[in-house]
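What follows is a set of notes on a single structure, which appears directly below.
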Amino acid sequence: MKRFFSVLLCLTMICCMAGCSGVKATEPASNVYVIGFSQVGSESDWRVANTRSMTATFADDPSYELLMENARQQQENQFSAVRKFILEGVDFIIIAPTVEEGWETVLTEIKEAGIPVIIMDRSVAVDDEDLYLTNIGSDFLRQGNLAVEWLEDEIPEDKEIRILHLQGTIGATAQIQRTKALEDAVAKHANWEISSQLYGDFTEAKAYEVMTAYLKENKDIDVLYSENDNMTFGAMRALEEAGISYGNGGQVKIITFDATREALQYCHDGKINLCVECNPLFGPLVKELIENYRNGIDIPKHVYVDESAYTTQNITQEFVDSREY
Ligand code: GYE
């Protein structure tokens, strides 16, 4: 108590010395709505575009402040970021989770602090869906199924194929669902075989490294199913160095996910056979959801963004050039 009075006295003195009229004390600290955003990292072009979409959306509106923390692909870093946001008393939290498991405790802490939270891009595996307001992002299983359906059309029933599978961060929704679509399809097609599953962590460097090592011993590949564009770019470099042709008319048919401008250009030029789209530009949609929430409007538990798939046959140079990411 004594301490309280001396602090109060000090504050009063400082206030008087500064010529404070006392008006400020009764005003709310600020009208700015502060959002803490825990981003996965900057592992891919997709991610960079997603970060840009989020920061640009809120930077355009002075009534918002977006505090972003880059987790460098480590879930532990996301936990620290979230706890920091809670201590700072942010108004809202957005999490793009690295992996699905392990979120129960920290989401409960957010709930206990009374802060609403949106899960963005990937999902979280928690029993209690009330731990978050909504999950906005891609339908990753649908993306995988688009890829598989394309391959079904390409490959005659009597042709045996060996598929090399490059996987993203294990445990991330994008990896789990894209992998599931492929594995389910392989189980259905006696003539399809996964020759190997290599871990590329969604990065170009890692994919290049594992592909280079793999190709030293194995060259018998008909299809490369790569769970994102950046891993595909690394794989293409490794294939080239190993003297293996790919793309339209080449030995290896390439399927990639994200459909960034660079990948679409390769697809247009016949170097990539199929680009399955994964749209990172949902900053404006996230903001709309937050605004609906603030206005008491019900928001759906899952919001999927619109996506499709592209081949050399169905894209034009104009389309590639107009790609925003
Ligand atoms: O495909 C990949 C990124 O979760 C949609 O993560 C995302 C995936 C995307 O690093 O490029």
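Numbering (our numbering), first residue to last: 1403 to 1727. Even for Gly, the Cβ is constructed at its ideal location relative to N, Cα and C. Quick caveat, the model's predicted, so the values are computed rather than measured.
Asked, Found
"Alpha carbon of residue 1538 to alpha carbon of residue 1705, nearest angstrom", "5 angstroms"
"Burial state of residue 1549, where buried means 16 or more other Cβ atoms lie within 10 Å", "buried"
"Opposing strand residues paired with residue 1447 [DSSP bridges]", "The partner list for residue 1447 (beta bridge, DSSP) is empty, contrary to what the question assumes."
"4 or more residues per run - each alpha helix (DSSP H) lying fully within the stretch 1548-1616", "1575-1590"
"Under 9 angstroms between C-beta atoms of residue 1505 and residue 1497", "yes"
"Residue 1598 beta carbon less than 9 angstroms from that of residue 1630", "no"
"Residue 1679 (DSSP reduced to helix, strand or coil)", "strand"
"Simplified DSSP state of residue 1426, which is helix, strand or coil", "In this prediction, residue 1426 has a pLDDT of 39, which is less than 50 and means its spatial position is unreliable; what the coordinates show is noted afterwards. Residue 1426: helix per DSSP, three-state reduction."
"Alpha-carbon spacing of residue 1682 relative to residue 1726, whole angstroms", "10 angstroms"
"Residue 1668 versus residue 1452: straight-line alpha-carbon distance, rounded", "21 angstroms"
"Selection from 1552, 1637, 1583, 1483 that minimises the alpha carbon distance to residue 1442", "1483"
"Neighbourhood of residue 1677 by C-beta distance below 7 angstroms, restricted to the same chain and skipping five residues each side", "1658, 1661, 1665, 1666, 1669, 1711, 1712"
"Cβ-heavy atom distance, residue 1659 to ligand 1, below 8 angstroms", "yes"
"Local conformation of residue 1478 per DSSP, three classes", "helix"
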